[in-house]
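Asker: The opening residue of the sequence shown carries number 1 in full-length UniProt numbering; numbering runs sequentially from there.
All C-beta atoms, glycine included, are put in the ideal place defined by N, C-alpha and C.
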Amino acid sequence: MFPEYDIIVVGAGHAGCEAAAAAAKMGSKVLLATMNMNTIAQMSCNPAMGGVAKGQIVREVDALGGMSGIITDETMIQFRMLNKSKGPAMWSPRAQSDRMRFAEAWRLSLEQTENVDFWQEMVTAIEVEQGRAVGVRTSLGITICGKAVILTNGTFLNGIIHIGEKQLGGGRSAEKSAKGLTEQLVSLGFEAGRMKTGTPPRVDGRSLDYSRMEEQFGDENPSKFSYTETTPLAKQRSCFITYTNSDVHEILKTGFEKSPMFQGRIQGLGPRYCPSIEDKINRFADRDRHQIFVEPEGWSTVEVYVNGFSSSLPEDVQLKALRKIVGFENAKMFRPGYAIEYDFFPPTQLNLTLETKLVENLYFAGQINGTTGYEEAACQGLMAGINAHNKINEKAPFILKRSEAYIGVLIDDLVNKGTEEPYRMFTSRAEHRILLRQDNADIRLTRLGYELGLADESRLKAVDKKIAETAEIIAYLNNKPIEPGDINSMLESLGSAPIVEKQRAGQLIKRPNIEIQHIAEAVPAIKEYLSKFKADSVEQAEIAVKYESYIEKENTMAAKMSELENYIIKDKINYRNIPALSAEAKEKLLKVQPETIGQASRISGVSPADISVLMVYLGK
């Protein structure tokens, strides 16, 4: 009935879609198995892509040749660049998406991708022979053969939905949970755990009074995610902001006795940085209000996402509390919020390629690894798809360093440190974040994507042109003299000290409150020169000039850290036989089996003293 596939991807969420698309584009024959083809790339929670650090990940996925950036650009209804008041390392793109169009665009894209087949059914087991994944078995008892298997099961593994005292089996609202896989993997020796996430109620936008809320507009000149020639937004939909109040909090408290979280019915660990509304008012009892983001679900639908009001309280309590929020007095609810508890597998059981250590050619990506967020899932799926293809074709593994990409930070964190709560990416997790900006993801990663066979030649030519233009602009700015009479009035208007003698443009740009556009407006010759170049090349040059010393410092630090990555640990070591290591280091090193000294140094519980001992041991 089925041919033998090169790669079988189980699950068609954000991780599964990127995995299938990447492997297929690289030449693998791919089967994408999903329990419901109508929910491919479903945005299970908020209808948005990007955000702080997450936007950087989407740009990186796009630069490598993934699809999330393109799909987002095609279906977004609002764009905002967050943190523009801070330095460029913190700038983070975020898009409000049309939920239905996003899923539709992903499905149509996959259907038009050569080498991708589909099968709608639950996968209940992995076929394993001699420690190697060789296919899957479905609920109908069908065996489908494949050279590698990628599991991207999201929240579906033994998923339980909680609404007050009600418990429903399910991986998402109105969708059944997946059975069998966890039990089989545990029998093979895998360690499993439980995690929890949640979602807010959805309401009828026609029942809201937006005039009583604060309108949140998109950027005046909206940018986009993809470095390809996707079309920028010509019009946008607004979001709105309102707040809870003491009345809301008192009503919510009446449901605490039926709360699955407070009564111990939920055992899984929830996301610290996106708590439920009941958790917020319990943990932050001193605060009399919490912000609520009112987000439209698309261009045409009236459905609204109540961001900041995730809840698993009884549905009647949710509605009563909602109606005490300003602007929600007459709110009609489409469906209540709920918590969902599901199985995950601690990611310390993976190699940096996302291949499992216990079963060869078996890969995990997305929430099965303990992460949260579409963006974190998408980049894992991309990396798993790349590495599964490379493995079965006897090519070198593809691993990004922490100094190369947020993707590298994420995977390195998961594999070496694990996670005891849903892992979410933040800029603070990246020690080299000034190098890993959203604006230079194409410069960092497009050539790598091209060499993999994902990014096409037009992308490579575009990034090479950007690099050349940037270098030309930097040289011009660092050599262009400006007379005091041309610039002082502008400097004084911005509260910056005037100059008393000629100064080069590059030196003026280094001032904290001076931007390249200020100088261009003051000096017509510079404005005319810059007009010859694309805006992103000019922006890239300005960042390079303004933050030159910081970037040089980070590059030096990254180079030093890379030296540790060059110390390869070739063979598996019984770390118990190294007496000078601490007991904790022996345990952690045995479990992770690091491939380099650099990786060993980042394992939680392994001290600098342990690394010194290990280097002496390997030297002997």
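Which residues in the same chain have their Cβ closer than 7 angstroms to the Cβ of G408, if we skip the five residues on either side of it in sequence?
Answerer: Locating residue 408 in the sequence shown gives position 408, counting from the first residue. These residues qualify, in order along the chain: L400, K401, R402.
Asker: Taking the alpha carbon of E355 as the reference point, which residue from R459, G373, H389 has its own alpha carbon closest?
Answerer: The count along the sequence shown starts at 1 and reaches residue 355 at position 355. When only C-alpha atoms are compared, the closest one is H389.
Asker: With a CB to CB cut of under 8 angstroms and the five nearest residues on each side skipped, what residues in its chain are close to I142?
Answerer: Within the sequence shown, the letter at position 142 stands for residue 142. Cβ neighbours of I142 beyond the five flanking positions: M1, F2, E121.
Asker: If you draw a straight line from the C-alpha of Y305 to the C-alpha of F334, how long is it?
Answerer: The residue labelled residue 305 in the question sits at position 305 within the sequence shown. The residue labelled residue 334 in the question sits at position 334 within the sequence shown. Straight-line Cα distance between these residues: approximately 10 angstroms.
Asker: Hey, how far is the Cα of M383 from the Cα of P93?
Answerer: The residue labelled residue 383 in the question sits at position 383 within the sequence shown. The residue labelled residue 93 in the question sits at position 93 within the sequence shown. Whole-angstrom Cα-Cα distance: 22 angstroms.
Asker: Does W106 come out as helix, strand or coil in the three-state DSSP assignment?
Answerer: Counted from its first residue, the sequence shown places residue 106 at position 106. Looking at W106 - three-state DSSP - the assignment turns out to be helix.
Asker: Just the Cα atoms here: how many angstroms apart are R323 and L208?
Answerer: Counted from its first residue, the sequence shown places residue 323 at position 323. Counted from its first residue, the sequence shown places residue 208 at position 208. One C-alpha to the other measures close to 10 angstroms.
Asker: What span of residues does the alpha helix (DSSP H) with A497 cover, start to end?
Answerer: Locating residue 497 in the sequence shown gives position 497, counting from the first residue. No alpha helix (DSSP H) holds A497; DSSP gives it neither H nor E.
Asker: Compare the beta carbon distance of V61 and A378 with 7 angstroms and say whether it is the shorter of the two.
Answerer: Locating residue 61 in the sequence shown gives position 61, where the first residue counts as 1. Locating residue 378 in the sequence shown gives position 378, where the first residue counts as 1. Going by C-beta atoms, V61 is nearer than 7 angstroms to A378.
Asker: Could you pull the start and end residues of the beta strand (DSSP E) that M76 belongs to?
Answerer: What you label residue 76 is simply residue 76 of the sequence shown in a count that begins at 1. Taken as a continuous stretch (DSSP letters only), the beta strand (DSSP E) holding M76 covers 76-82.
Asker: State yes or no: is the C-beta of Q96 within less than 7 angstroms of the C-beta of A48?
Answerer: Indexing the sequence shown from 1 puts residue 96 at position 96. Indexing the sequence shown from 1 puts residue 48 at position 48. Yes; because the gap between Cβ atoms is below 7 angstroms, this pair is in contact.
Asker: Which whole runs of the alpha helix (DSSP H) in the stretch 589-614 are 4 residues long or more, in chain order?
Answerer: Counting whole runs of 4 or more residues, the stretch 589-614 contains the alpha helix (DSSP H) stretches 597-601.
Asker: Alpha carbon to alpha carbon, what distance is there between I482 and D464?
Answerer: One-based indexing of the sequence shown puts residue 464 at position 464. One-based indexing of the sequence shown puts residue 482 at position 482. Cα to Cα, D464 sits roughly 30 angstroms from I482.
Asker: Of the residues T596, G605, V606, which one's Cα is nearest the Cα of L618?
Answerer: Locating residue 618 in the sequence shown gives position 618, counting from the first residue. Among T596, G605, V606, the Cα nearest to that of L618 is on T596.
Asker: Would you please state the rounded distance, in angstroms, between the beta carbons of A178 and M35? I believe it to be under 8 angstroms.
Answerer: Position 178 of the sequence shown, counted from the first residue, corresponds to residue 178. Position 35 of the sequence shown, counted from the first residue, corresponds to residue 35. With 8 angstroms as the limit, A178 and M35 qualify as a contact, their Cβ atoms being about 7 angstroms apart.
Asker: For E376 and Y575, I'd like the C-alpha separation in whole angstroms.
Answerer: Residue mapping note: residue 376 aligns to position 376 of the sequence shown, counting from 1. Residue mapping note: residue 575 aligns to position 575 of the sequence shown, counting from 1. Distance between the alpha carbons of E376 and Y575: 32 angstroms.
Asker: According to the neighbour-count rule (16 or more other Cβ atoms, all chains shown, within 10 Å of its Cβ), is K280 buried or exposed?
Answerer: The residue given as residue 280 occupies position 280 in the sequence shown. With 16 or more other Cβ atoms within 10 Å, it is buried.
Asker: Please classify V58 as buried or exposed, where buried requires at least 16 other C-beta atoms within 10 Å of its C-beta.
Answerer: For this step, residue 58 is matched to residue 58 along the sequence shown. Buried, by the Cβ-count rule.
Asker: So what's I7 in DSSP terms, helix, strand or just coil?
Answerer: Residue numbering aside, residue 7 sits at position 7 when the sequence shown is read from its first letter. Strand.
Asker: According to DSSP, which residues form a beta bridge with K166?
Answerer: Locating residue 166 in the sequence shown gives position 166, counting from the first residue. According to DSSP, K166 bridges with I163.
Asker: State the start and end residues of the unbroken beta strand (DSSP E) segment that holds S97.
Answerer: As a working note, residue 97 is residue 97 in the sequence shown. It spans 92-97 - the beta strand (DSSP E) in which S97 sits, taken as one unbroken run.
Asker: Measuring straight from C-alpha to C-alpha, what distance separates A41 and L530?
Answerer: Along the sequence shown, read from residue 1 onward, the residue named residue 41 stands at position 41. Along the sequence shown, read from residue 1 onward, the residue named residue 530 stands at position 530. C-alpha separation (whole angstroms): 41 angstroms.
Asker: Going by DSSP in three states, R265 sits in which element: helix, strand or coil?
Answerer: As a first step, residue 265 must be located in the sequence shown, where it is residue number 265. Correct three-state label for R265: coil.
Asker: Apart from the five residues on each side of it in sequence, which residues of its chain come closer than 6 angstroms, Cβ to Cβ, to S44?
Answerer: Here residue 44 refers to the residue found at position 44 when the sequence shown is read from its first residue. Correct list, in chain order: R172.
Asker: Is F398 helix, strand or coil when you go by DSSP?
Answerer: For the purposes of this step, residue 398 is taken as the residue at position 398 of the sequence shown. DSSP places F398 in coil when its eight states are reduced to three.
Asker: Can you check which of these residues, G298, I340, W299, C274, is closest to F309 by C-alpha distance?
Answerer: As a working mapping, residue 309 is identified with position 309 in the sequence shown. Of G298, I340, W299, C274, the residue nearest in Cα terms is C274.
Asker: What residues are listed by DSSP as bridge partners for M195?
Answerer: Here residue 195 refers to the residue found at position 195 when the sequence shown is read from its first residue. Answer is L269, Y342.
Asker: Bridge partners for E303 per DSSP, in chain order?
Answerer: Stepping through the sequence shown from its first residue, residue 303 is reached at position 303. According to DSSP, which records beta bridges pairwise, E303 is partnered with D204.
Asker: Which residues does DSSP pair with V136 in a beta bridge?
Answerer: On the sequence shown, residue 136 is found 136 positions in, with the first residue counted as 1. In the DSSP output, where bridge partners are listed per residue, V136 has I126, I144.
Asker: In or out: M425 buried (at least 16 other Cβ within 10 Å) or exposed?
Answerer: Counting from 1 along the sequence shown, the entry for residue 425 is found at position 425. Looking at its Cβ environment, which holds 16 or more other Cβ atoms inside 10 Å, M425 is buried.
Asker: Should the stretch 178-189 be called in touch with the stretch 137-157, which here means at least 3 C-beta pairs below 8 angstroms?
Answerer: Result yes; three or more Cβ-Cβ pairs closer than 8 angstroms.
Asker: Alpha helix (DSSP H) containing Q540: first to last residue?
Answerer: In the sequence shown, counting from the first residue as 1, residue 540 sits at position 540. Start and end: 535-546.
Asker: State the beta-bridge partners of P481 as determined by DSSP.
Answerer: As a working note, residue 481 is residue 481 in the sequence shown. Answer is R504, bridged to P481.
Asker: If you follow the alpha helix (DSSP H) that L322 is in, where does it begin and where does it stop?
Answerer: For the purposes of this step, residue 322 is identified with residue 322 of the sequence shown, where counting begins at 1. Unbroken alpha helix (DSSP H) run through L322: 315-322.
Asker: Using CA atoms only, rank isn't needed, just tell me which of R283, E215, V359, T75 is closest to S187.
Answerer: Here residue 187 is taken as the residue at index 187 of the sequence shown, counted from 1. Comparing Cα positions, the closest option is V359.
Asker: Can you give the Cα-Cα distance for A75 and A455, rounded to whole angstroms?
Answerer: As a position in the sequence shown, residue 75 is number 75, starting the count at 1. As a position in the sequence shown, residue 455 is number 455, starting the count at 1. For clarity, residue 75 is Thr in the given sequence; the question names Ala instead. Using only the alpha carbons, I get a separation of about 21 angstroms.
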